[in-house]
Amino acid sequence: MKNILIIRKIVISVITSIILIWAFFQNNFFGKMFISPFIICSLTIFGENLFLLLNKEKISNMFKIIFKISFFGYVFAFLAYACYYAIINKTYGLLIIVAIFVYFSVYFLKRS
């Protein structure tokens with residue numbers, strides 16, 4: 167039963183990766199910047215589950231760490247840009263929302 171769930175995750179991550187890679191080549195520079203973290207995350211999920219299926223725990227855990235680094239890197243980069251955008255455009259109410267997201271992101275980062 168566990169292997170069926172792992173195979174399902176592998177199939178979903180392959181399909182997602184194919185769609186994202188296709189979208190990557192169809193977009194301009196800013197679209198590619200937006201899509202690339204999601205490609206990295208879907209490929210790391212594929213690698214993690216593939217090596218989990220092959221009973222290679224250490225390599226699977228390495229892909230899990232790569233996923234966490236890329237995901238949290240993307241989140242904090244987006245929040246940093248949101249802060250920059252709020253300060254430049256003098257929309258200081260946005261900083262309150264960003265502060266809430268920073269708090270929860272740091273909390274989830276510590277838990278992981």
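Everything in the sequence shown is counted per my numbering, starting at 167 for the first residue and increasing by one. Even for Gly, the Cβ is constructed at its ideal location relative to N, Cα and C. Nothing here was measured: the structure is a model prediction, and the numbers come from that model.
Span separating the alpha-carbon of Phe191 from that of Ile185: Straight-line Cα distance between these residues: approximately 10 Å.
Leu275 in three-state terms, based on DSSP: If DSSP states are grouped into helix, strand and coil, Leu275 belongs with the helices.
Three-way DSSP call (helix, strand, coil) for Lys198 in this model: Of the three classes helix, strand and coil, the one that applies to Lys198 here is helix, per DSSP.
Start-to-end residues for the alpha helix (DSSP H) that takes in Asn169: Segment Lys168 to Gln192, the alpha helix (DSSP H) holding Asn169.
Straight-line Cα distance separating Asn255 from Ile206: Cα-Cα distance, rounded: 31 Å.
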